[in-house]
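Trainee: In my numbering, each residue's number is its place in the sequence shown (first place is 1) plus 82.
Every residue gets a Cβ at the ideal spot worked out from N, C-alpha and C, and that includes glycine.
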Amino acid sequence: MKNTTKVGNKGETLACEFLTKNKYRIIERNYRDRFCEIDVIAIKKKEIAFVEVKYRSRTDFGGAVGSITPDKFNRMQTSAEYWLSTHPRFSHMQPSLDVVTIEGSGEPAIEHLKSVFL
83 MKNTTKVGNK GETLACEFLT KNKYRIIERN YRDRFCEIDV IAIKKKEIAF VEVKYRSRTD
143 FGGAVGSITP DKFNRMQTSA EYWLSTHPRF SHMQPSLDVV TIEGSGEPAI EHLKSVFL
């Protein structure tokens, strides 16, 4: 396994633990379709969050959130819409495109940015 894959998996695991502690239930990890990959899909009450996880050990160059491009926003939105169309039991839920940023090494800072893309 490549080092970047290991780091990505670690970041996604930290993000899932953080979301679970904040009363989200993880529905799916690493959802892929022809548009892009969504790192985490989670629900809380009547909200369904499509989450991009960004893990950076350093905060220079815009940090974790600064690494997300407008193209990634658009592809995530298309993927979220496609996922919802293929999972009608979640159609009553309010969708949210979120980012979980994880910055630093050791005890990293974790932040959940809600509805970043909408």
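Contact between the region 121-141 and the region 172-183: three or more CB pairs below 8 Å?
Mentor: Contact holds: three or more Cβ-Cβ distances are below 8 Å.
Trainee: Could you name the residues of the same chain whose beta carbon sits closer than 6 Å to that of E193, not counting the 5 residues immediately before and after it, in chain order?
Mentor: Cβ neighbours of E193 beyond the five flanking positions: T183.
Trainee: Tell me which residues share the same chain as R157 and place their Cβ nearer than 7 Å to its Cβ, disregarding the 5 neighbours each side in the sequence.
Mentor: So the list reads F117 and C118, once near-sequence residues are dropped.
Trainee: In three-state DSSP terms, what is N91?
Mentor: In this structure, N91 counts as helix in the three-state DSSP scheme.
Trainee: Considering only residues of the region 161-191, which uninterrupted beta strand (DSSP E) runs meet the minimum length of 3 residues and lie entirely inside it, listed in chain order?
Mentor: Entirely contained in the region 161-191, the beta strand (DSSP E) runs reaching 3 residues are, in chain order, 176-185.
Trainee: To the nearest angstrom, how far is it from the Cα of D153 to the Cα of T160?
Mentor: Computed Cα separation, rounded: 11 Å.
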